[in-house]
Amino acid sequence: MAHIADVTFNLLFDGLAYGMILFIISVGLSVTMGLMGFVNLAHGAFAMAGGFVTVTLVGKLGMPFLPALLLASVVVGAASVPFERLLYRRLYKAGELDQVLMSVGLVLIAGAAFTFVYGPAPQALKLPAALDGPVTVFGQSLSAYRLFMVAVGFLLIAALWFAFERTGVGARVRAAVDNRRMAQSLGIDVDLLFTLTFALGSGLAALGGGLAVDITGLTPAFAVQYLVFFLIVVAVGGLGSLKGAFVAALLLGIIDNAGKYLYPEGGGYFIYAATMLLLLLRPAGLYGRG
Amino acid sequence: MTYKALLLGAALGLASAAVTAPFAAADTVKVGVVLTYSGVNAEYGDQITRAMELYQKLHAADIAPNKVEFIKRDSKAPNGAAAKTEVQELITQDKVNMLAGFVFSPDAIASAPLATEAKIPMIVLNAGTAWITNLSPYIARTSFSMWQSGYPMGIYAAKELKCKTAAVGYTDYPPGKDSLEAFKRGYVGNGGQMVDEVPMGNPAQVPDFTPFFQRVKDKKPDCFYVFVPAGVHATAVVKTYNDLGMRKAGVKLIGPGDIIQDTKLQQMGDNAVGLLTMGNYAADFKNPANVAFVKAWKEAYGKDSTPDFMAVAGWDGTAAIFHVVKVLNGKIDPDKAMAALKGWKFNSPRGPIMIDPDTRDVVQNEYVEKVIKVGDKLGVEVVHTTTAVKDPCKELKVDKCGQ
Numbered sequence: 001m002a003h004i005a006d007v008t009f010n011l012l013f014d015g016l017a018y019g020m021i022l023f024i025i026s027v028g029l030s031v032t033m034g035l036m037g038f039v040n041l042a043h044g045a046f047a048m049a050g051g052f053v054t055v056t057l058v059g060k061l062g063m064p065f066l067p068a069l070l071l072a073s074v075v076v077g078a079a080s081v082p083f084e085r086l087l088y089r090r091l092y093k094a095g096e097l098d099q100v101l102m103s104v105g106l107v108l109i110a111g112a113a114f115t116f117v118y119g120p121a122p123q124a125l126k127l128p129a130a131l132d133g134p135v136t137v138f139g140q141s142l143s144a145y146r147l148f149m150v151a152v153g154f155l156l157i158a159a160l161w162f163a164f165e166r167t168g169v170g171a172r173v174r175a176a177v178d179n180r181r182m183a184q185s186l187g188i189d190v191d192l193l194f195t196l197t198f199a200l201g202s203g204l205a206a207l208g209g210g211l212a213v214d215i216t217g218l219t220p221a222f223a224v225q226y227l228v229f230f231l232i233v234v235a236v237g238g239l240g241s242l243k244g245a246f247v248a249a250l251l252l253g254i255i256d257n258a259g260k261y262l263y264p265e266g267g268g269y270f271i272y273a274a275t276m277l278l279l280l281l282r283p284a285g286l287y288g289r290g
Numbered sequence: 291m292t293y294k295a296l297l298l299g300a301a302l303g304l305a306s307a308a309v310t311a312p313f314a315a316a317d318t319v320k321v322g323v324v325l326t327y328s329g330v331n332a333e334y335g336d337q338i339t340r341a342m343e344l345y346q347k348l349h350a351a352d353i354a355p356n357k358v359e360f361i362k363r364d365s366k367a368p369n370g371a372a373a374k375t376e377v378q379e380l381i382t383q384d385k386v387n388m389l390a391g392f393v394f395s396p397d398a399i400a401s402a403p404l405a406t407e408a409k410i411p412m413i414v415l416n417a418g419t420a421w422i423t424n425l426s427p428y429i430a431r432t433s434f435s436m437w438q439s440g441y442p443m444g445i446y447a448a449k450e451l452k453c454k455t456a457a458v459g460y461t462d463y464p465p466g467k468d469s470l471e472a473f474k475r476g477y478v479g480n481g482g483q484m485v486d487e488v489p490m491g492n493p494a495q496v497p498d499f500t501p502f503f504q505r506v507k508d509k510k511p512d513c514f515y516v517f518v519p520a521g522v523h524a525t526a527v528v529k530t531y532n533d534l535g536m537r538k539a540g541v542k543l544i545g546p547g548d549i550i551q552d553t554k555l556q557q558m559g560d561n562a563v564g565l566l567t568m569g570n571y572a573a574d575f576k577n578p579a580n581v582a583f584v585k586a587w588k589e590a591y592g593k594d595s596t597p598d599f600m601a602v603a604g605w606d607g608t609a610a611i612f613h614v615v616k617v618l619n620g621k622i623d624p625d626k627a628m629a630a631l632k633g634w635k636f637n638s639p640r641g642p643i644m645i646d647p648d649t650r651d652v653v654q655n656e657y658v659e660k661v662i663k664v665g666d667k668l669g670v671e672v673v674h675t676t677t678a679v680k681d682p683c684k685e686l687k688v689d690k691c692g693q
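Line order of the protein sequences matches chains A and B.
Per the working numbering, the very first residue in the first sequence carries number 1; after that it's consecutive.
Per the working numbering, the very first residue in the second sequence carries number 291; after that it's consecutive.
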């Protein structure tokens, strides 16, 4: 048997890395659904679009991985603006069911559209050599890409926290979400603000989609396949809280990973068991405004 | 009177000529094809269909003037429910003469009673649970049984690779459990010692194998036998194995051929080099039947596309259907069709195959395939061949296989 300290180190690192993956694929949703309050089940469609754009830029046009990721994020963010203007905007005040129906419709259309263009098979993504393969840290063999994901996750949460909590635009977004009419009467252009926030959320979704390809794989079914995981992270974190989504993702990642290591027969159920337990203890989520 | 009678006779003669003439001509044999055409698994249905249609196109002359018509239906989620509904409709409404397809075992298992009841010959083109062929006297299989790769791999690991200890990691669904049991039988039966059996979640989960592989690494087996569905999961297996430094730790990664499916091989990257699997086919096989098959495939579907073990099962299954149509001259009688299938031999791209007259399951060679680098691409080299492998599960009468 391996040394107990090595096992603990591996469990924590692997759990942290898995949690970061969950956070990165869900962070866009914690903006559109968490902050803006729209039940945006189409999050995965934007994430998937980001994945496909990244794969195309890297595979077909030979672009390096990191610039391709950023470009994909910008492209999808921009492409989401017409969706917000034409479809989402009409339903901001509508009931949750209407929002669910519309966004699920988008998911189905996106799935069919990407199947039509790319076919149903998984897409391959060639990582840069520096991110591919193992690195040795403290005598343990770790995945370079997972280390990179951990770093990206911390960077993302820091940047988002700063943008929403410490800038004027961020304050206006929070004001507009909390009390739209009051914000409007104070002269805030709420329509524009929502369009921009939605574009940010979709851009983040795309970034997550592109980053996830190497780990989750990418097929036109991505949006449906991982929907539950996006929703779990946002729900356990608490609606409206980026910090909540972050903490929830890490917590779920570590619990799930350790559970699988120690008791593989329980396999896929740990994440759901942990979700149920956390929601029983805190029905509004870890940091929800319940 | 005579004039009228003459006229009548002529008219009757003409009429009977007009009626009998078309009968001498073509019959169209309707084959209900039930495969995955939507969702995550649509690529499997597409791959098998391409092989079937290619065979149909290239071999139309073999059964002329008769024809085979495929009526394609989507088996959707791999739980058997949709497949069963489609099969029911194909039998009652479309009045199909034969059935073919079935990507996932539950699809074949759920449909088997309908084949028996309606007496419709049913050719299984992929589903690999060993005892499927026991479910109906009207089932024949051209793909494989999970035991055909797992069992000889167990023997090979114990005898040739000389692994004293082994662990198994498997996706926790029926073919995974089948593959685990098959490997264990072959391995433990030849002196190997199992140190761990790790179920690694179901096929719908995020393919993150890190915790499972870490667990196995900490137990330090000589061989690590892994069964997962092809595709994203298989790529993740090789990646995780490499990332965790398991090769350096002295753990050999082995598995059934499913994990190096030709359509996915190139995506696995250099990490896969050296991997040993036991399978029935690789597009790199050099036998003439396969060279011709791959050439025809690439002409039809583009040079970047490749057939794989699923395509070959579709190709051979269609050959089996054509054989039946030819022998029965287009008039499908279920019992005569099954009789024609029993003992049928075919020079398949995977090597010689036969439908076992006793079990109606395929008899085929199993190859130990080593992943190698050819130029800047990955290729497959055959390092060991076991000829004419009958399904070991039924040979050994294990559990349901013995019924």
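Idealized CB from N, CA, C, for every residue including glycine.
Note that the structure is predicted; figures quoted are calculated from it, not measured.
Take the Cβ of F162(A) as the centre, count every other Cβ of all protein chains shown within 10 Å, and call the residue buried at 16 or more, exposed below.
By one-based count along the first sequence, residue 162(A) stands at place 162. Under this definition F162(A) is an exposed residue.
If we cut at 8 Å on Cβ distances, does F162(A) have a partner in chain B?
Position 162 of the first sequence, counted from the first residue, corresponds to residue 162(A). Answer no: the Cβ-Cβ gap between F162(A) and chain B never drops below 8 Å.
Output, in chain order, the set of chain A residues within a Cβ distance shorter than 7 Å of D498(B).
The residue you call residue 498(B) lines up with position 208 of the second sequence. Here the neighbours are Y18 and I215.
Going by beta-carbon coordinates alone, are F517(B) and V506(B) separated by less than 8 Å?
For the purposes of this step, residue 517(B) is taken as the residue at position 227 of the second sequence. For the purposes of this step, residue 506(B) is taken as the residue at position 216 of the second sequence. Contact: no.
Delimiting residues of the alpha helix (DSSP H) encompassing V272(B)
There is simply no residue 272(B) to check, as chain B begins at 291 and stops at 693 in what is shown.
Opposite P519(B) in the DSSP bridges: which residues?
Within the second sequence, residue 519(B) is the residue found at index 229, counting from 1. Looking at the DSSP assignment, P519(B) forms no beta bridge with any residue, so it has no partner.
Answer yes or no: the CB of L29(A) versus the heavy atoms of the ligand MG, is any distance below 7 Å?
Judged by which ligands are present, the structure shown has none, so any question about the ligand MG falls away.
Mind checking which residues open and close the alpha helix (DSSP H) that includes N637(B)?
Position 347 of the second sequence, counted from the first residue, corresponds to residue 637(B). It is not in any alpha helix (DSSP H) - N637(B) instead sits in the beta strand (DSSP E) that spans K635 to S638.
With a cut-off of 8 Å on the beta carbons, I'd call N610(B) and I544(B) a contact; round off their distance for me.
Against the second sequence, residue 610(B) aligns to sequence position 320. Against the second sequence, residue 544(B) aligns to sequence position 254. Residue identity check: residue 610(B) is Ala in the sequence provided, not Asn. About 31 Å separates the two Cβ atoms, so there is no contact after all.
Are the CB atoms of D14(A) and T500(B) within a distance shorter than 8 Å?
If you number the second sequence from 1, residue 500(B) lands on position 210. If you number the first sequence from 1, residue 14(A) lands on position 14. Yes; because the gap between Cβ atoms is below 8 Å, this pair is in contact.
At the 8 Å Cβ level, is P120(A) part of the contact set with chain D, yes or no?
Note that chain D does not occur in the displayed structure, where the protein chains are A and B.
With distances taken Cα to Cα, identify the nearest neighbour of S433(B) among T461(B), G535(B), V458(B) and N570(B).
Taking the first residue of the second sequence as position 1, residue 433(B) is located at position 143. Cα-wise, what sits closest to S433(B) is N570(B).
Curious, which full-length alpha helix (DSSP H) runs of at least 4 residues does the region 84 to 154 of chain A contain?
96 to 118
What is the rounded straight-line gap between the Cα of F270(A) and the Cα of G491(B)?
Counting from 1 along the first sequence, the entry for residue 270(A) is found at position 270. Counting from 1 along the second sequence, the entry for residue 491(B) is found at position 201. Approximately 11 Å between the Cα atoms of the pair.
Have a look at K656(B) and L91(A) and give me their C-alpha separation to the nearest angstrom.
For the purposes of this step, residue 656(B) is identified with residue 366 of the second sequence, where counting begins at 1. For the purposes of this step, residue 91(A) is identified with residue 91 of the first sequence, where counting begins at 1. According to the sequence displayed, residue 656(B) carries Glu and not Lys. C-alpha separation (whole angstroms): 59 Å.
Step through the CB atoms of chain A and report whether any lies within less than 8 Å of the CB of E343(B).
Indexing the second sequence from 1 puts residue 343(B) at position 53. So, not an interface residue.
Label V581(B) either buried or exposed according to how many other C-beta atoms from any shown protein chain fall within 10 Å of its C-beta, with 16 as the threshold for buried.
If you number the second sequence from 1, residue 581(B) lands on position 291. By the 10 Å Cβ count, V581(B) comes out exposed.
Identify whether H674(B) lies in helix, strand or coil by the three-state DSSP scheme.
Within the second sequence, numbered from 1, the residue matching residue 674(B) stands at position 384. Strand at H674(B).
Taking only beta-carbon positions, decide if R505(B) is within less than 8 Å of chain A.
What you label residue 505(B) is simply residue 215 of the second sequence in a count that begins at 1. Yes, R505(B) lies at the interface with chain A (some Cβ there is under 8 Å from its Cβ).
Please check the pair M67(A) and D533(B), which I expect to be a contact at CB under 8 Å, by giving their CB distance rounded to whole angstroms.
Start at 1 with the first residue of the first sequence, and residue 67(A) comes out as number 67. Start at 1 with the first residue of the second sequence, and residue 533(B) comes out as number 243. According to the sequence displayed, residue 67(A) carries Pro and not Met. The pair is not a contact, with the Cβ atoms about 25 Å apart (cut-off 8 Å).
Starting from A176(A), trace the alpha helix (DSSP H) in both directions and tell me its first and last residue.
Walking along the first sequence from the start, residue 176(A) turns up at place 176. Per DSSP, A176(A) belongs to the alpha helix (DSSP H) from G168 to D178.
Residues of the region 55 to 69 of chain A with Cβ closer than 8 Å to any Cβ of chain B, in chain order:
none
For A332(B), decide whether its Cβ has a neighbour in chain A, counting only Cβ atoms nearer than 8 Å.
As a working mapping, residue 332(B) is identified with position 42 in the second sequence. Closer than 8 Å: yes.
Per-residue burial, S141(A) [other beta carbons within 10 Å of its own, 16 or more giving buried]:
Translated into positions along the first sequence, residue 141(A) becomes position 141. Burial call: buried.
Indicate the three-state DSSP secondary structure (helix, strand or coil) for A691(B) in the structure shown.
Reading the second sequence from its first residue, position 401 is the one you call residue 691(B). As written in the sequence, residue 691(B) is Cys, which differs from the Ala given in the question. Helix, per DSSP.
Here's a check: name, in chain order, each residue in its chain whose Cβ is nearer than 8 Å to the Cβ of L348(B), leaving out the five neighbours to either side.
Position 58 of the second sequence holds residue 348(B). For L348(B), where only same-chain residues beyond five positions count, the Cβ hits under 8 Å are A586.
Taking CB distances under 8 Å as the criterion, tell me whether N257(A) reaches chain B.
Translated into the one-based positions of the first sequence, residue 257(A) becomes position 257. Answer yes: the Cβ-Cβ gap between N257(A) and chain B drops below 8 Å somewhere.
Roughly how many angstroms lie between the CA atoms of A311(B) and D352(B), to the nearest whole one?
Residue 311(B) sits at position 21 when you count from the first residue of the second sequence. Residue 352(B) sits at position 62 when you count from the first residue of the second sequence. Because the pLDDT of A311(B) is 45, which lies under 50, any placement of that residue in the model is unreliable, and the number read from its coordinates should be weighed accordingly. Taking the straight line from one Cα to the other gives about 21 Å.
Between which two residues does the alpha helix (DSSP H) holding P546(B) run?
Counting from 1 along the second sequence, the entry for residue 546(B) is found at position 256. Run containing P546(B): none in the alpha helix (DSSP H); it sits in the beta strand (DSSP E), K542 to P546.
For chain A, is any of its Cβ atoms less than 8 Å away from the one on A311(B)?
In the second sequence, the residue the question calls residue 311(B) occupies position 21. In this prediction, A311(B) has a pLDDT of 45, which is less than 50 and means its spatial position is unreliable; what the coordinates show is noted afterwards. No, no contact with chain A.
Buried/exposed call for Y263(A), threshold 16 Cβ in 10 Å:
Locating residue 263(A) in the first sequence gives position 263, where the first residue counts as 1. Y263(A) is exposed by the Cβ-count criterion.
So with CB distances below 7 Å, who are the chain B contacts of T219(A)?
As a working mapping, residue 219(A) is identified with position 219 in the first sequence. Ordered by position in chain B, the residues that pass the 7 Å Cβ test against T219(A) are V330.
Start-to-end residues for the beta strand (DSSP E) that takes in K509(B):
Here residue 509(B) refers to the residue found at position 219 when the second sequence is read from its first residue. Counting along the chain, K509(B) falls outside any beta strand (DSSP E), though it belongs to the alpha helix (DSSP H) covering T500 to K509.
Short check: CB of V58(A) to CB of L125(A), under 8 Å?
Indexing the first sequence from 1 puts residue 58(A) at position 58. Indexing the first sequence from 1 puts residue 125(A) at position 125. In contact: V58(A) and L125(A) (Cβ atoms closer than 8 Å).
With respect to the alpha helix (DSSP H) encompassing E343(B), which residues constitute its N-terminal and C-terminal limits?
Reading the second sequence from its first residue, position 53 is the one you call residue 343(B). E343(B) -> alpha helix (DSSP H) spans A332 to L348.
Can you give me the Cβ contacts of P497(B) inside the same chain, cut-off strictly under 6 Å, excluding the 5 residues immediately before and after it?
Locating residue 497(B) in the second sequence gives position 207, counting from the first residue. The answer, listed in chain order, is V522, H523 and A526.
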